[in-house]
Amino acid sequence: MSGSANPNRAKSAVAVIPFAGASTIAAKVIAAHVSGYLNLAVETLPPEKIPPDALDKRRMQYNAATLIQTVESMRLEDYFKVIALFDVDLFTPIFTHVFGEARQNGRVALVSLFRLESHMDGSSPPYDRVLERAAKIALHELGHLLNLLHCDDDRCLMYFSGSVDTLDQTGFNFCRHCRTALRRKLQQEGITTTPT
Numbered sequence: 113m114s115g116s117a118n119p120n121r122a123k124s125a126v127a128v129i130p131f132a133g134a135s136t137i138a139a140k141v142i143a144a145h146v147s148g149y150l151n152l153a154v155e156t157l158p159p160e161k162i163p164p165d166a167l168d169k170r171r172m173q174y175n176a177a178t179l180i181q182t183v184e185s186m187r188l189e190d191y192f193k194v195i196a197l198f199d200v201d202l203f204t205p206i207f208t209h210v211f212g213e214a215r216q217n218g219r220v221a222l223v224s225l226f227r228l229e230s231h232m233d234g235s236s237p238p239y240d241r242v243l244e245r246a247a248k249i250a251l252h253e254l255g256h257l258l259n260l261l262h263c264d265d266d267r268c269l270m271y272f273s274g275s276v277d278t279l280d281q282t283g284f285n286f287c288r289h290c291r292t293a294l295r296r297k298l299q300q301e302g303i304t305t306t307p308t
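Now the structure itself:
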């Protein structure tokens, strides 16, 4: 895959890539939220295959670090940041599962729909709730890519959500401190935009 086919692409463009069975609707919703909240150009790219070596057969989950490395190795150098969307269960060595993952100040963020598609009691939420959760996780992980840390304000998108219940209670915007930090980081990158 090459991200260099469009010569008119803004250098600040963010790519959203659905992998395997991940919903293209969810990818478009994430793209719309990134565009709306951070005023960045966003492109939704065609679906990709999940690398089989990312599956930990003992745990029957996918290793988030392996997936990040895979996406980092793809030919996407024309994109400022990349959000990879999955419908499989992700883990990191220190957590039994994660909704998303990103390296601080890195280039690639992961979002998984797998655990967003059910409530803590196992029941299924309406699909618009799943999409809302996915957008929150994407904005949170993109915040990490833009060097934001977790926030103590439970109304802020950078607040750590370890459960879907906490995620549902988290606000749908960045607090003023995180907005200020985002603005500074984007200015350092040469991107003039005003996060909302």
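Under my numbering, the first residue of the sequence shown is numbered 113, with each subsequent residue one higher. Yeah, the Cβ is synthetic: ideal placement off N, Cα and C, and Gly gets one too.
Counting along the chain, the unbroken alpha helix (DSSP H) around H252 starts and ends at Y239 to L257. In this chain, the beta strand (DSSP E) harbouring H209 covers F207 to V210. Within the same chain, Cβ atoms closer than 6 Å to the Cβ of I249 are found at F211, G212 and V223, the five residues on either side in sequence being excluded. Going by beta carbons, N259 and N217 fall inside the 7 Å limit. In this structure, the alpha-carbon of F272 lies about 30 Å from that of P158. Residue pairing from DSSP places C268 in a beta bridge opposite N285.
Taking a contact as a CB-CB distance under 8 Å, the pair A127 and L188 counts as one, their CB atoms being some 6 Å apart. Counting C-beta atoms within 10 angstroms of its own C-beta, S124 has 16 or more neighbours from the protein chains shown and is therefore classed as buried.
In the DSSP assignment, V154 falls within the beta strand (DSSP E) that extends over V154 to T156. By the criterion of a C-beta distance shorter than 8 Å, S230 is surrounded in its chain by S236, P237 and V276, once the five residues flanking it on both sides are discounted. Ranked by how close their Cα comes to the Cα of H252, the residues L228, R288, L269 and G283 have L269 in first place.
Setting aside the 5 residues that flank it on each side, F203 is surrounded in the same chain by D168, R171, Q173, Y174, N175, A176, H209 and V210, each with a C-beta closer than 8 Å to its C-beta; the list follows chain order.
Approximately 4 Å separates the beta-carbon atoms of L197 and A134; this is inside 8 Å, confirming the contact. If you check the CB distance, A144 and P130 do not come in under 7 Å.
Nearest to T136 by C-alpha distance, out of V194, E160 and R291, is E160. By the CB criterion at 7 Å, V146 and L243 fall outside the cutoff.
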